[in-house]
Structures are given as C-alpha cells and as structure tokens.
Amino acid sequence: MLDKTYRPAAVETRQYEAWERAGAFAAQPSSGKIPYTIMMPPPNVTGSLHMGHALTFTLQDILIRFERMRGRDALWQPGTDHAGIATEIVVGNQLAERQVNKHDLGREKFIERVWEWKAESGGTITRQLRRLGASADWARERFTLDAGLSAAVRRVFVTLYREGLIYRDKRLVNWDPVMHTVISDLEVESIETRGKLWHIRYPVEGEPGRFLVVATTRPETMLGDTGVAVHPEDRRYANLVGKLVQLPLVGRLIPVVADDYADPKTGSGAVKITPAHDFNDFEVGRRHGLEVINIFDRDAHLNDAVPERYRGLERFAARRQVLADLEALGLIEKVEDHVLMVPHHDRSGEIIEPWLTDQWFCNAAELAKPAIAAVEEGRTRFVPRQWENTFFEWMRNIQPWCISRQLWWGHQIPAWYGPDGRVFVAESEAEAAAEAAVHYGGAALLTREEDVLDTWFSSGLWPFSTLGWPEETPELARYYPGDVLVTGFDIIFFWVARMLMQGLHFRGEVPFRTVYIHALVRDGRGQKMSKSRGNIIDPLDLIDRYGCDALRFTLAALASPGRDIKLAESRVEGFRNFATKLWNAARYAEMSGCALVPGFDPRGCRLTVNRWIAGATQGCAAAVTVALESFRFDEAGHHLYHFLWGTFCDWYLEFTKPILQGEDAGARAETQAMTAWVLAQTVHLLHPLMPFITEEVWQQLAGTEAGMLIVAPWPDLAPELHDPAAAAEMDALIEDLSAIRAVRSELNIPPGARVAVEIRDADSAATARIATHADHFQRLARVSFKNAAGSAAEGAVQAIGAGATFALHIGDIVDLAREKTRLAKEIAKVEGDLAKLATRLANPAFLAKAKPEVIEEQRERDADIRRDRDRLQAAYERLEAV
RNA sequence: GGGCGAUUAGCUCAGCUGGCAGAGCAUCUCGUUUACACCGAGGGGGUCGGGGGUUCGAAUCCCUCAUCGCCCACCA
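The numbering used here numbers the first residue of the first sequence as 222 and each following residue consecutively.
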C-alpha cells in the first residue's frame, strides 16, 4: 500500500541504495548493447554541490536514464578534478588562519596537507551527487591525480614536446604577484574600474622648456619606460620623432618613435612605452628595438632597476610616491577621471601584473586546426547551434596556451634540467637520466622542473584518460568517442575546446558527437551565483524541503535553450505539488483495484474512454521521446505535466469513477487494467526527470518481481493506439462539460445544486454523445436531462457546447438582463473573429497565394465559429422572446 | 571596439519551418461530491519594447532605434 503522503527523504535514500546495490548504474561492456557515453565534467574534488552542478548533472542524468531505458549500454563516467589553483587557495587560506604560509611548510608538507584536505572533504561532492539521484557508474570513478591519469598527462606532455607543440619561451605573461604564479589569458577577468589618467611632461632633450606630454593610467610604470611612441602621421609630434626625451625621476634618455599603435585621438597622442610591463608596449618595443627593463620583482615590488628611493615599494605605494615627486617637480600637466579595464585573476581576485618570465607553452593554434575542421564538418555539433560561432571565434584567434603554473598541487611537469640548463623531457626520471647520460657521456645531476601543469591540461584528456589511455583498453575502444557532452557555456574555451584538440590529436577522433550547452543558473537579479557574491541558493536545501524529484523537474522544465535560468522557489513548490499529484493518483488507482494485467493490450479496449486515453498516452509518449531526443527537457516536462495532471487526473479518472464503482464487471476490469497501464506508461516516461517517486510508484504497481523501473524498457507505443473517433467524441464531451461548468460558475449556481437541462440546436453527433454520456453530465456538470416542461425559455441559462446548446433551468434566480448581456458579449467576440476570417477568405490575394491546406483550415474554422455564432444567436433570441 | 542574447499577462518564462497569443506562480469568485486543500470548478488580466519593411497574412522573417544582460578585445 502506498502511504497517505509521499515522503521524499525516506524513499530517495532507499531507492538510491537499491539501484546501486543492483548494479543498475554500471556500464555493461560485455553486453551486446550499443554503447551510450556521457563523460561527467569532473567537479572540484573538494567542492560541494551548487545550483550549477544541480542543473548540469540533472540534465546528464536525464539523458543517461533515458538512453539506458531505450536499451543502450549507458556509461556515465564520473570523477573529480584536483582543481590546482582553486584547491591551493582553499588550503592556503586554511593555513593563513593559523598564521602559516605554504613556503613555511615546504612543498612536500604542503602537498601532504592538501591530500589531507582531500581525504577530509573529498567525498562530499560525490555524496551530494548521489542525493541528486545521479546514476553514474561510481565503480569507475576517476580523479585527475590518479596514477593512470597522471601517466596519461606525462605521455601527452612528452609527445607534444617531441612534436614541437610544447616549448619553453620567455614572454610577457599574466602574473599573480600574491599567489606567485602565472595564469593563462582565459583566467584573467577584466573589471571595469574608475581610475585616473595622468598627463605627464617628459622634457625634450636639448630643448629646455619643451615637453612631450604623455598620458598614463599607471604612472609607476614610467620607471621602466624605454621610449615614447607617437603616430607617424601625427603632425603635432612629427618633428620629435627620432629625438630623445628625458625620463623624469630616472634621468634616462629615451627615444621618441613613430608607431601606428599610438592613437592621436587618445590621451595626448603620445604614449609612454614600458616593454617589460605591458603587452602592447612589449610589441612596440620589439618593433623599435627598445630596451626591456623589468622593474618589478615577483611580489610586484620595485626592484633595483629603479632609483634607490623607490626600491622595495609595493606597486601602489610606488604610484603615490611617483605622483608626489612629479607633482613637486611641476611635471603633471593635468589629471582626468578615466574608466579603465583592470585585469584580475578570476580565482584569487588579485590584480594581474604583466611580467616577463620563462614558461611552458602549448602551440594551441596548431592543435586548433583539426578541432575547427571537426566542428565545421559537423563531426561534433553544438546544441544550440549558436555556440559554434563562439567556438570558432575563439579558436580561429587562439593564442599560445601557457600551461605551466608556479604551484605545488598538480601534475609536476616531467622535465629535468642538466647542470648546464639543458632540458630533458621524459615520462620518468630514469628515462630522463638515461638521456642525460647519453648526452653528457656519463651520469649527470638533474633537477626536476618545479612547475606544475594548468589544471585544464589534465581535464582536457578526460574523455580518454578515464578509459585507461595510454593503454589500449577495451573500454577505450568501446566508449570513445562519447555521445554527448553536457556543460555550461562558461567553460567552452577552458574545457570543451581543449578536449576537442587533445582528443583529435591523440585519438584521431572527436571526443563527443554532440555538445549540449545549457544555461547558467543565476540568482534573482540575473547575477552569476558565487561564494564571493553570497547569492547562492543551495540545491540540497531545496531537496530537503521539496524533494529531489521536484528540484530535478524544475531544472528540466526551466532549461529552455538559449536562456539563463532565474530560479524561483515557487516553481519548485509547484512541481513538488505535481509529484504529490502523481502520488495521489497512484494511491487512488491502487485503492480502486487497478492492477497491471500481464499481457494487457490497450488496443483490445471496447470502451470509448479507454480507447481515448490510450491514444492520448501514445501521443504523450511520442512527444516526450522527441523532446528528449532533441534535448528539449522543458518540453518533455510540460508534456508530462499536462498529460498526467490535465488529461489523466482531471478527466480520465473522473470519467471512469462510475465504471470502477459500477456493476458491469467487464467494463470495470477493462478500466482497471487500463488505468494501471496508463500509470505504468507515465511513470516510465517520467522516470528520467523524477526517478525516485516513479520508481516507488512502479514497484507498488508492478510488484518487486517485475524488476526496477530504472532498467525497464522505454515505452514504444504503436501510433494505431490513437483512435480519431474516440478522441473527437471525448474532446467534444469535455467541451460540453466545460461550457456548462463555466456558465454555472459565472452565475454562481451552487456547485451542489442539481440542475435540469434541456438540449437545443443539437446536431446528430451531439445528440448521440449526450445520450451515451448522460451519466457524465450528471456527475461532472451536475445536470440532469428531462423533458423540458414547456418550451418557454423562461428561467433558462444557455451554455454553448460542441454542437449543442444546453439550457439550464434554474428557476427564478436568473437575471434575464444580465444573461442577455453575457450572451451579447460572447456573440460580439465571435463576430469579431468571424469578421477577420471573412476579410481573409474574401481576399483574392489570400485565396490565390496561401497554401491550399491553410485555406481549407481557415474555411473549417469559419464554419465552426459560424455554427457557434448561430447557436449563440438562437439562444439570445429565445431570451428576447420572453 | 567587435560578437551574442533578451524585451510577450502582476512575476518567471514557453511560443519550432509565418496562419486562433499560452503555461506555472500570483490574484479574484465559488466549493468538506470518500485519490489529492501540496485539492477541485471557474474568472479577470496582453497594442507581443518603439518605428519602418517584406508578405494575402508577422509575436514569429528583414532593417532600424531604445533599454537590459553576457562574452571577447591591447586602446595609453
């Protein structure tokens, strides 16, 4: 027996354990089934579930469950990511609370501490994923720092190095002066900031009293200036090109060069050039052979390259000092307010300093070519298609990828330096030592590269490293390439692009056929949820309060393509109610003796109502299938919602109550079987979205020996179940009943009052229908048909149904004038529609140019409305006659 | 500066290849008919952001403007 109320928490725990125990999540490599693979985007190993996770993993689980039920060998490959920078920040903060920094600890101790933290919190995210109902193959869980995945990383690094696609280079990079690491361009977030534009006078050499004015937002960097650029066609400065100016505070003489980079319309038109600390200036300097003077140390404090009075100053203190000194010298011409974009590290929030260092780079442009081609040729397609443009835009302008990080938590780069600085790149120290021995003609002391790799370097290998590569495992052969990758647009560049590049390079095949890009879940103001903003809605909180199924259904229903999700709690509540509705319907069916009948064939039903609901069920199944096939989770949800609530509960269960309580044993048995059958189909169709409650209902309905719903076959219903005659009859009946109910309600006729009704203007179909379903009229509209006492329309309220008018005799309580007004209003509305149709149908251009089926449709509609109008008119005239 | 998206009921949003403007929530009215008040029945509520254009016909396609949001970009 089903409980009186559905209690999600208990059911969710019990069912999840049962699934896992039964091995329902496990892929079946040795089955004859066609594989279906989804690679789970690995969340941070020490992270915890947020709403973005809830969305992405719900959608993935829906697809996996759908395809599993459709008979595919479903592999949802789970795992976690070591998340280098993010995790180092967290552990760094933990240490900071104890007044310790990581350098006090040393590399080895620090890494130990991170592993401890992983042991402490590492299970959290996967536990939470289980609470979400995620049916991943947990036995195959992987971690990016696993031995196997680390071997894959080393193999890839070494291979790309030997192919010349990974190299070491001295370039300007984005430097985080607090974390002391480089980050890639993608990790830089430009934040609009209100600042100042200082106009500074640089004295022209040999022309006392003459100044060249430069404008800058970062006056402290002038200490590293090695030139000033003006536009070659800027008349104002033409005679200065080739001359020298004297750098104030420093005294260095620096050249004025002509370069297109200088924009005459910006600032003063003359721009100071600091090659060591600005990406543009670096290029300008290179073009003109300017000196590169690095003035910052790794903390972004001024170094010994600047005059003594500034040495050791932190960059903003330096700015204040430089400005004060320039002011004292009268060299500040003016100061303007200025809005500028300041680069920040997206993780640490620190202001980035462009800094000249040696780093490891990957030739992304080369790797991007096959990836671009793969998407162009449709070997991988994006859904929605829109995102392909974003992908192309970035890939076609891709920059060298800086893959080294000055961190400790991650894959240490497999490179060793000889005594003379020569690099040996190899998969192991022994291999490197062997190479070195050959090179030096004997054993040599090697020191290992300290840097680790960008986290995304290892996650880029995820689609094949998790399957055992570099070993050629059976899993690799079977599950690569995957079918669908589900992710948010925010990591298309970070992750999707890298997986495509690495997958194509090392497997020669795309890692997935389809990339489904979903929206971001945002807060009420449309802001990205983040810890720092403090605007997080906790999915676990919603699960506690409304049940997991309600949250899952909500996220699916809101996942319309191309639109961000602003999560409203009222939605979750509404879909919780939907789950309750299903529960109560199932409970009612159980109480009414509706049990699944083995071998029951809905096509054998005699009763119209059963033939009708069979067709409606088939229609729903087809619609849900199409929706899920095309990633329209929202449409799948809406079809199910309307079918289960609006059709099955609101109408079918009401229509069949008299049958279930009636004397006709045959009709009762057919209807009981049918009710159970529809419920069974519905829980199948709903299972991917609401796995828990559907499994629970299914097991009550079918019994435990029937097997679990999670592995039950997806409904494949014959289109012949749709019976047009039954559908037409029931639709018309619903229209009749609704019309009568509306009139009753509008006129405030007490719902309990039984009303005598007289039928007028009925066509033959309506006459037959009313006779057949008289009991429904009685029960669901509370009317009884009797021979009209007299023909007078006195006291009658008239409801316009489908092909008949129902005159309700309600005695004296009718306000004739009000009733006439009501009818007149309806007539006016209908006449309006008819007028529009008449214009259209009288338009020769329409008749000549519109598609024939459209014309036919419009004519039918015209005829239908005309019939309604006529009956309304007749009803009105009867009142006139009183 | 470039690109993308959005603008539809009080709120959150559907509306596909043009052909009857929809849902959920909220609101109002009525309701203890034994599945369900997390419910049932019914109602009100819209110049589809503005302006052009294409078309027999536009919420839908095109142009333009406005507002909002996001992504990318080296403008001192």
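All residues carry an ideal CB built from backbone N, CA and C; glycine is no exception.
No experiment lies behind these values; they were computed from the predicted model shown.
Contact check for His303 and Trp630: beta-carbon distance about 6 angstroms, within the 8 angstroms limit, so the pair qualifies. Straight across, the Cα-Cα distance linking Gly327 with Ile346 is about 29 angstroms. Buried is the label assigned to Asp502, since at least 16 other Cβ atoms lie within 10 Å of its Cβ. Looking at the backbone, the Cα of Thr694 and that of Ile712 are separated by about 29 angstroms. A contact is defined here as three or more CB-CB pairs under 8 angstroms, and the stretch 827-843 meets this definition with respect to the stretch 934-949. In the structure shown, Ser851 falls within a coil segment according to DSSP collapsed to helix, strand and coil. Burial state of Ser966 is exposed, judged by a 10 Å Cβ sphere holding fewer than 16 other Cβ atoms. When beta bridges are read from the DSSP output, Phe582 appears opposite Tyr388, Cys623. Closest option to Gly416, judged by alpha-carbon separation, among Asp480, Leu561, Trp297, Phe364: Leu561. Ranking Val976, Val478, Ala665, Glu670 by CA distance to the CA of Glu648 puts Glu670 first. Beta-bridge pairing by DSSP links Thr735 to Arg602, Val705.
Judged by beta-carbon spacing, Asp1083 lies within the 8 angstroms limit of Leu1055, meaning their Cβ atoms are closer than that value. Distance between Thr868 and Trp919, taken at the CA atoms: about 20 angstroms. No Cβ-Cβ contact shorter than 8 angstroms links Thr676 with Gly300. For Thr838, the secondary structure class from DSSP, reduced to helix, strand or coil, is helix.
Closest in alpha carbon position to Val471, among Leu461, Glu504, Ile514, Val478, is Ile514. Cβ contact annotation for Phe500 (same chain, cutoff 7 angstroms, sequence separation greater than five): Leu393, Pro575, in chain order. At the C-beta level, Thr601 and Val451 stay beyond 8 angstroms of one another. Just so you know, the alpha carbons of Ala939 and Gln839 end up roughly 7 angstroms apart.
Judged by DSSP secondary structure, Glu979 falls within the beta strand (DSSP E) whose first and last residues are 976-981.
Going by beta carbons, Ala953 and Gly858 fall outside the 8 angstroms limit. Rounded to the nearest angstrom, the gap between the Cα atoms of Trp608 and Leu1058 is 42 angstroms. Contact check between the stretch 230-238 and the stretch 254-271: fewer than three CB pairs, one atom from each, fall below 8 angstroms, which does not count as touching. Around the CB of Phe537, fewer than 16 other CB atoms lie within 10 Å, so the residue is classed as exposed.
Counting every other CB atom within 10 Å of its CB across the protein chains shown gives Asn395 a total of 16 or more, marking it as buried. Annotation for Leu667: Trp637, Tyr638, Gly639, Phe645, Glu650, Ala653, Ala654, Ala657 place their beta carbon closer than 8 angstroms to its own, counting only its chain and skipping 5 residues before and after. In the DSSP assignment, Leu552 is bridged to no other residue.
Distance check between Gly814 and each of Thr892, Gly344, Ser269 places Thr892 closest, using alpha-carbon atoms only. For Ala923, the closest alpha carbon among the candidates Asp871, Phe852, Leu817, Ala842 is that of Leu817. By the Cβ rule, the stretch 404-412 counts as touching the stretch 566-580, because three or more pairs are nearer than 8 angstroms. Nearest to Ile387 by alpha-carbon distance, out of His522, Asn584, Arg351, Gly354, is Asn584.
Of the candidates Ala848, Ile961, Glu426, Asp358, the residue whose Cα lies closest to the Cα of Ala243 is Asp358.
The alpha-carbon separation between Leu444 and Pro424 amounts to approximately 15 angstroms.
Judged by DSSP in its simplified three-state form, Pro934 adopts coil rather than helix or strand. For the pair Leu1068 and Leu1001, the CB atoms are not nearer than the 8 angstroms cut-off.
Out of Leu381, Leu803, Gln249, Glu598, the CA that lies nearest to the CA of Phe613 is found in Glu598.
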